[in-house]
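See below for the structure under consideration.
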Amino acid sequence: MLILVINSGSSSVKYKLFDTGQDKSIANGIIERIGQKQAELSYQNYKGKSICNREVQVYDHKSAIKLAIDLLLDKEYGIIEDINYVRAVGHRVVHGGEKFISSVVVDDNVLKTIKDYSELAPLHNPPAVKGIEAVKHVLPDMVQVAVFDTAFHHTMPEHAYIYGLPYEYYKKYNLRRYGFHGTSHKYVAIEAAKKLERPLSELRLVTCHLGNGCSITAVNCGKSIDTSMGFTPLEGLLMGTRCGDLDPAIIYYLIKKEKLSVNQIDELLNKKSGLLGISGVSNDMREVEKAAEEGNNKAKLAIKIFVYKIIKYVGSYYAVMQGLDALVFTAGIGEHESKIREYIVSGLKNILDNNKTKVLVIPTNEELMIAKETESVLKK
Ligand code: ADP
Numbered sequence: 001m002l003i004l005v006i007n008s009g010s011s012s013v014k015y016k017l018f019d020t021g022q023d024k025s026i027a028n029g030i031i032e033r034i035g036q037k038q039a040e041l042s043y044q045n046y047k048g049k050s051i052c053n054r055e056v057q058v059y060d061h062k063s064a065i066k067l068a069i070d071l072l073l074d075k076e077y078g079i080i081e082d083i084n085y086v087r088a089v090g091h092r093v094v095h096g097g098e099k100f101i102s103s104v105v106v107d108d109n110v111l112k113t114i115k116d117y118s119e120l121a122p123l124h125n126p127p128a129v130k131g132i133e134a135v136k137h138v139l140p141d142m143v144q145v146a147v148f149d150t151a152f153h154h155t156m157p158e159h160a161y162i163y164g165l166p167y168e169y170y171k172k173y174n175l176r177r178y179g180f181h182g183t184s185h186k187y188v189a190i191e192a193a194k195k196l197e198r199p200l201s202e203l204r205l206v207t208c209h210l211g212n213g214c215s216i217t218a219v220n221c222g223k224s225i226d227t228s229m230g231f232t233p234l235e236g237l238l239m240g241t242r243c244g245d246l247d248p249a250i251i252y253y254l255i256k257k258e259k260l261s262v263n264q265i266d267e268l269l270n271k272k273s274g275l276l277g278i279s280g281v282s283n284d285m286r287e288v289e290k291a292a293e294e295g296n297n298k299a300k301l302a303i304k305i306f307v308y309k310i311i312k313y314v315g316s317y318y319a320v321m322q323g324l325d326a327l328v329f330t331a332g333i334g335e336h337e338s339k340i341r342e343y344i345v346s347g348l349k350n351i352l353d354n355n356k357t358k359v360l361v362i363p364t365n366e367e368l369m370i371a372k373e374t375e376s377v378l379k380k
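Counting from 1, one number per residue, gives the positions in the sequence shown under the numbering used here.
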């Protein structure tokens with residue numbers, strides 16, 4: 001089945017056309033700098049036809065989607081003859097709140113709820129809405145499916161998702177832990193079970209998605225029972241530019257001492273902290289490692305903190321699940337930074353040795369997971 005997967009950002013549209021029968025993408029593209037004087041298009045199909053960084057005029061998401069579809073049908077660069085061969089479009093949507101516990105076909109009600117949840121994910125849900133509306137405009141009859149980053153974590157028990165705040169705020173403002181990167185955690189958990197040749201429903205896994213954003217999930221018998229990100233993707237591990245767990249009192253202390261506004265605090269915690277904030281070098285682990293190797297003490301410290309927090313989380317999930325069958329690494333750092341993996345694994349020596357826990361590295365493939373989710377919604 002041909003499924004078009006769209007990941008729509010505020011000024012970019014990434015897309016991949018999948019043949020789910022073969023688990024592979026047959027064309028993909030990215031349109032960036034939408035709305036600026038010159039947008040930029042890169043595209044390739046599996047026959048090797050590609051376009052590199054061509055400047056194009058794309059003023060909004062609708063014209064971006066139109067360009068993407070036209071290319072798929074193009075005589076020279078295209079890959080299909082008729083858009084009706086594409087059975088559905090699957091969209092990555094970051095926040096599904098409490099309502100969306102699995103992927104759903106988008107209708108007017110669903111679209112409205114995704115819009116309403118923009119309050120919970122102001123940077124992420126609005127671009128997804130734009131992507132959905134753009135497809136509706138360009139291909140009015142196309143079935144669209146929303147796949148949520150939060151959905152995999154809906155199985156978390158109440159005691160894992162309620163904060164220690166007055167309960168009324170949970171009811172009033174939906175203030176609770178949601179968790180993110182769910183599509184990636186789910187994908188690598190499924191792949192881990194295949195590698196271990198055991199049913200997922202029997203396994204206790206900890207999946208570590210370590211990219212620019214980092215999160216870690218306890219997957220017990222195929223279900224997320226706890227994860228490190230919370231109400232927003234700021235909670236949990238140390239990340240490229242995000243601080244992760246923090247004593248909340250620091251926020252009002254800093255507001256007083258540095259006379260910072262709410263927006264400035266937001267920027268400080270989300271964009272100036274983490275590996276970048278501690279090392280002063282970069283948010284990119286490759287750069288931080290290089291600096292550490294050259295003797296930069298702050299870079300060394302940033303790496304130590306990064307690793308230490310992961311070890312603490314794995315230890316706590318081990319305790320919660322009373323064991324661990326496999327520790328799974330994925331995303332940029334998880335897949336490529338063998339030194340970081342070694343530090344983590346050696347810090348967990350006792351846990352890993354005593355339990356014959358396997359350590360797996362599994363490249364994530366969120367787009368393929370979205371295509372498969374979309375297909376399974378259609379089949380239902
Ligand atoms: P994002 O969250 O933006 O998708 P990625 O999963 O691409 O992030 O991960 C980015 C992080 O992975 C950076 O810290 C980068 O240094 C690190 N990394 C290490 N090796 C590689 C590699 N070969 N390719 C991409 N990222 C890598």
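Glycine included, C-beta positions come from ideal geometry on N, C-alpha and C.
Q. Is DSSP giving glutamine 36 helix, strand or coil here?
A. coil
**Q.** Option in Thr150, Val94, Lys223, Phe148 with minimal Cα separation from histidine 124
**A.** Val94
**Q.** Terminal residues of the alpha helix (DSSP H) in which glutamine 57 lies
**A.** Taken as a continuous stretch (DSSP letters only), glutamine 57 belongs to no alpha helix (DSSP H), as it is neither H nor E.
Q) Just how far apart, CA to CA, sit valine 377 and isoleucine 101? A) 13 angstroms
Q | Residue of Gly179, Leu360, Lys47 minimising C-alpha distance to lysine 384 | A | Since the first and last residues shown for the chain are 1 and 380, residue 384 lies out of range.
Q: Assess, as a yes-or-no matter, whether the stretch 99-117 is touched by the stretch 12-23 under the definition of 3 or more beta carbon pairs within less than 8 angstroms.
A: no
Q. Closest to tyrosine 317 by CA distance: which of Gln44, Ala160, Asp266 is it?
A. Ala160
Q. Is DSSP giving valine 94 helix, strand or coil here?
A. coil
**Q.** Option in His137, Lys112, Lys136 with minimal Cα separation from proline 126
**A.** Lys112
**Q.** beta strand (DSSP E) runs wholly inside the stretch 131-192, at least 3 long, in chain order
**A.** 143-148
Q. Quick one: Cα of glutamine 57 to Cα of tyrosine 253, how far?
A. 47 angstroms
Q | Any non-hydrogen atom of ligand 1 closer than 8 angstroms to asparagine 212 Cβ | A | yes
Q) Can you list, in chain order, the residues of its chain whose CB lies under 8 angstroms from that of isoleucine 69, leaving out five sequence neighbours each side? A) Ile83, Val138, Leu139
Q) Pick from Asp325, Tyr187, Ala302: whose alpha carbon is nearest that of valine 281? A) Ala302
(Q) Tell me whether arginine 286, by its Cβ, gets closer than 8 angstroms to a heavy atom of ligand 1. (A) yes
Q. For phenylalanine 306, does the three-state DSSP call read helix, strand or coil?
A. helix
Q.
Let me confirm a value: glutamine 388 is counted as buried when at least 16 other C-beta atoms fall within 10 Å, else exposed. Which label applies?
A. Given a span of 1 to 380 for the chain in the structure shown, any question on residue 388 remains unanswerable.
Q) Which residue's Cα is closest to the Cα of lysine 223: Thr207, Ile3, Pro233? A) Thr207
Q.
I'd like to check one pair, isoleucine 340 with methionine 285: are the Cβ atoms closer than 9 angstroms?
A. yes
Q: Give the secondary structure of aspartate 116 by DSSP, where H, G and I count as helix, E and B as strand, and everything else as coil.
A: helix
Q: Within the same chain, show all residues whose beta-carbon is closer than 7 angstroms to that of valine 188, passing over the 5 residues directly before and after it, in chain order.
A: Thr207, Val328, Thr330, Ile362, Thr364
**Q.** Under the three-state DSSP convention, the category threonine 357 falls into
**A.** coil
Q) Candidates Ala326, Thr374, Glu373: which alpha carbon is nearest lysine 356's? A) Ala326
Q. What residue range is occupied by the uninterrupted beta strand (DSSP E) comprising lysine 223?
A. 223-227
Q) Terminal residues of the continuous alpha helix (DSSP H) containing tyrosine 15? A) That residue, tyrosine 15, is in no alpha helix (DSSP H); its beta strand (DSSP E) goes 13-19.
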